[in-house]
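For the sequence shown, the tail end lands on 304 under our numbering, and the numbers increase by one without skipping.
Beta carbons: idealized from backbone N, C-alpha and C, even for Gly.
From a predicted model like this one, the values you see are computed outputs, not experimental measurements.
Read the structure below first, then the notes.
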Amino acid sequence: MLTKALPYSPLHRRWIGKMSTVLAANEDTLRLIKKMGRSDVRLQFDNGVGTDYLAKGPRRFKPDAGAVRLVWVGRILPRKALPMALDALAKVRHDWMLTIVGNGLAETTVRQMIAERGLSERVHWAGRRLTWEEVRAAYLEHDALLFTSLRETSGVQLLEAMALGLPVITLDLHGARDVVPEEAGIKVPVTTPAEVVCGLAAAIDRFASLSVDKKMRCLVRAGSSPEPTPGPRGRLRLSFCTGSLWGGNVKAKSGEIDASERNNDATIPGSSDGRVLWSLGLLHYLPGGPR
14 MLTKALPYSP LHRRWIGKMS TVLAANEDTL RLIKKMGRSD VRLQFDNGVG
64 TDYLAKGPRR FKPDAGAVRL VWVGRILPRK ALPMALDALA KVRHDWMLTI
114 VGNGLAETTV RQMIAERGLS ERVHWAGRRL TWEEVRAAYL EHDALLFTSL
164 RETSGVQLLE AMALGLPVIT LDLHGARDVV PEEAGIKVPV TTPAEVVCGL
214 AAAIDRFASL SVDKKMRCLV RAGSSPEPTP GPRGRLRLSF CTGSLWGGNV
264 KAKSGEIDAS ERNNDATIPG SSDGRVLWSL GLLHYLPGGP R
């Protein structure tokens, strides 16, 4: 509701109008910013993985391999919707197992969350933050990424998984809608909470039912690299805000980044001495909430 009201907020329209350049990290945010009067907003993806992260070779699925192995990666925050993922798994008909990779809540809270749904025997969680090498190994040991974030600029987990040829089961929302190719996974429409839970369960069952050939086609599509979006060059002056703009508690911050480290193929006009709003989906998530 608050997001829909942003285009009508004089504060936000005035704030965004002062920026010399506005960049949005996904199509949802781009459309929102255009409604706020900035038709010149440009799409700029904000995540990436290095070539050294790519899989060394193709993944192989085996016929009758048993339970479908799912991995959920991210900080355990409300907007990441781990409880929704667990609710969906409780409805899945096929045999499955889930590995949770991440932290963010007290261990007792997470364990209780799993136990209340009767899933303790099939959900595995280390109870700690894993290292970069351990996360990469987890992707390689599973059959698909289950990504349930309700508010996500783009989701680097999506790129990490697809860089390793891992199919994705996710919501058709925000960055996931833009990043995941149609044939690289299954995207569930976002409607009501009950329908989304059932949709995720059906998507997992659908994936588990796929033949080895169809799963391999998902791997090939997931492993194909999307075309990079040219980034800015030089040093950019950034202006951004933290805190709740709606509550009036606004703290303006500014800083510089060396954009030449990101991409040297494009220059943003007027950015060398002006102010730039690097959106990264920020407006889509206001007010409040951890990012």
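Item to check | Exposed unless 16 or more other CB atoms sit within 10 angstroms - verdict on residue 108 | outcome: Here the question's residue 108 lines up with position 95 in the sequence shown. Exposed: under 16 other Cβ atoms inside 10 Å.
Checklist entry - How would you write the range of the alpha helix (DSSP H) that residue 139 sits in, first residue to last? => result Counted from its first residue, the sequence shown places residue 139 at position 126. Counting along the chain, residue 139 sits inside no alpha helix (DSSP H), nor does DSSP assign it H or E at all.
Next on the checklist: Helix, strand or coil for residue 132? Go by DSSP, reduced to three states.
Outcome noted: Residue 132 sits at position 119 when you count from the first residue of the sequence shown. Residue 132: coil per DSSP, three-state reduction.
Item to check | Euclidean distance between Cα positions of residue 166 and residue 35 | outcome: Locating residue 166 in the sequence shown gives position 153, counting from the first residue. Locating residue 35 in the sequence shown gives position 22, counting from the first residue. The straight-line gap from Cα to Cα measures roughly 15 Å.
Item to check | Nearest-angstrom Cβ-Cβ length linking residue 197 and residue 181, presumed shorter than 8 Å | outcome: For the purposes of this step, residue 197 is identified with residue 184 of the sequence shown, where counting begins at 1. For the purposes of this step, residue 181 is identified with residue 168 of the sequence shown, where counting begins at 1. About 6 Å; that satisfies the 8 Å criterion.
Checklist entry - Closer than 8 Å, CB to CB, is residue 206 near chain D or not? => result Checking the listed chains, one finds no chain D in this structure; it contains a single protein chain.
Next on the checklist: Just verifying my parser: in three-state terms, what is the DSSP assignment at residue 160?
Outcome noted: For the purposes of this step, residue 160 is identified with residue 147 of the sequence shown, where counting begins at 1. Three-state DSSP puts residue 160 in a strand.
Checklist entry - Nearest-angstrom Cα distance between residue 99 and residue 31? => result On the sequence shown, residue 99 is found 86 positions in, with the first residue counted as 1. On the sequence shown, residue 31 is found 18 positions in, with the first residue counted as 1. Going from the Cα of residue 99 to the Cα of residue 31 covers about 44 Å.
Item to check | residue 79 in three-state terms, based on DSSP | outcome: What you label residue 79 is simply residue 66 of the sequence shown in a count that begins at 1. In the structure shown, residue 79 sits in coil (DSSP, three-state: anything other than H, G, I, E or B).
Next on the checklist: Under 8 Å: do the segment 41–59 and the segment 109–121 share three or more Cβ pairs, one atom per stretch?
Outcome noted: Judged by pairs of C-beta atoms under 8 Å, the segment 41–59 does not touch the segment 109–121, as fewer than three such pairs exist.
Checklist entry - Going by other Cβ atoms of all chains shown within 10 Å of its Cβ, with 16 needed for buried, is residue 164 buried or exposed? => result As a first step, residue 164 is located in the sequence shown; it is residue number 151 there, counting from the start. Burial call: buried.
Item to check | Other residues of its chain near residue 282: CB distance less than 8 Å, five sequence neighbours each side excluded | outcome: Indexing the sequence shown from 1 puts residue 282 at position 269. Residue placement at residue 282 cannot be trusted, given a pLDDT of 32 that sits under 50; the coordinates are not used to answer.
Item to check | Same chain, Cβ closer than 6 Å to residue 130, neighbours up to 5 away in sequence not counted | outcome: Taking the first residue of the sequence shown as position 1, residue 130 is located at position 117. So the list reads 99, 103, once near-sequence residues are dropped.
Checklist entry - Can you name, in chain order, every residue of its own chain whose Cβ lies under 7 Å from the Cβ of residue 50, other than the five neighbours on each side? => result Within the sequence shown, numbered from 1, the residue matching residue 50 stands at position 37. Contacts found: 26, 30.
Item to check | Where residue 59 falls, given that 16 or more other Cβ within 10 Å makes a residue buried | outcome: By 1-based counting over the sequence shown, the position of residue 59 is 46. Answer is buried; the Cβ neighbour count reaches 16.
Checklist entry - Between 67, 90, 152, 73, which lies nearest to residue 111 when the distance is taken from Cα to Cα? => result Taking the sequence shown and counting its residues from 1, the one referred to as residue 111 is at position 98. Checking every option, the nearest Cα to that of residue 111 belongs to 152.
Checklist entry - Okay, do the segment 85–93 and the segment 183–200 touch, 3+ Cβ pairs below 8 Å being the bar? => result no
Next on the checklist: Once DSSP output is grouped into helix, strand and coil, what is the label at residue 149?
Outcome noted: If you number the sequence shown from 1, residue 149 lands on position 136. Three-state DSSP puts residue 149 in a helix.
Item to check | Buried or exposed by the 16-neighbour rule on C-beta atoms within 10 Å, applied to residue 300 | outcome: Here residue 300 is taken as the residue at index 287 of the sequence shown, counted from 1. Note that residue 300 scores a pLDDT of 29, beneath 50, so its modelled location is shaky and nothing firm can be said.
Checklist entry - What whole-angstrom Cβ distance do residue 187 and residue 41 have, given they're in contact under 8 Å? => result Taking the first residue of the sequence shown as position 1, residue 187 is located at position 174. Taking the first residue of the sequence shown as position 1, residue 41 is located at position 28. That belief holds up - the Cβ atoms of residue 187 and residue 41 are roughly 5 Å apart, short of 8 Å.
Checklist entry - So what's residue 239 in DSSP terms, helix, strand or just coil? => result Sequence index remark: in the sequence shown, residue 239 carries index 226 (1-based). Because the pLDDT of residue 239 is 43, which lies under 50, any placement of that residue in the model is unreliable, and the number read from its coordinates should be weighed accordingly. Three-state result, residue 239: coil.
Checklist entry - Does DSSP classify residue 47 as helix, strand or coil? => result Counting from 1 along the sequence shown, the entry for residue 47 is found at position 34. Reduced to three states, the DSSP call for residue 47 is helix.
Item to check | Local Cβ density within 10 Å of residue 57, reported as buried at 16 or more and exposed below that | outcome: Locating residue 57 in the sequence shown gives position 44, counting from the first residue. Classification of residue 57: buried, given that the 10 Å Cβ count is 16 or more.
Checklist entry - According to DSSP, what are the bridge partners of residue 169? => result The residue given as residue 169 occupies position 156 in the sequence shown. None; residue 169 has no bridge partner.
Next on the checklist: Beta-carbon within less than 6 Å of residue 176's beta-carbon, same chain only, minus the 5 sequence neighbours each way: which residues are those?
Outcome noted: As a position in the sequence shown, residue 176 is number 163, starting the count at 1. Closer than 6 Å at Cβ, skipping near neighbours: 62, 66, 67.
Next on the checklist: With H, G and I counted as helix, E and B as strand and the rest as coil, what does DSSP make of residue 175?
Outcome noted: By one-based count along the sequence shown, residue 175 stands at place 162. Looking at residue 175 - three-state DSSP - the assignment turns out to be helix.
Item to check | Collapsed DSSP secondary structure at residue 332 in the structure displayed | outcome: Nothing about residue 332 can be reported from this structure: the residues present for the chain run from 14 to 304 only.
Checklist entry - Going straight from the alpha carbon of residue 215 to that of residue 146, what length do you get? => result In the sequence shown, residue 215 corresponds to position 202, counting from 1. In the sequence shown, residue 146 corresponds to position 133, counting from 1. In a straight line, the C-alpha of residue 215 is about 32 Å away from that of residue 146.
Next on the checklist: Looking at the secondary structure, which residues open and close the beta strand (DSSP E) in which residue 111 lies?
Outcome noted: Within the sequence shown, residue 111 is the residue found at index 98, counting from 1. Start and end: 109–114.
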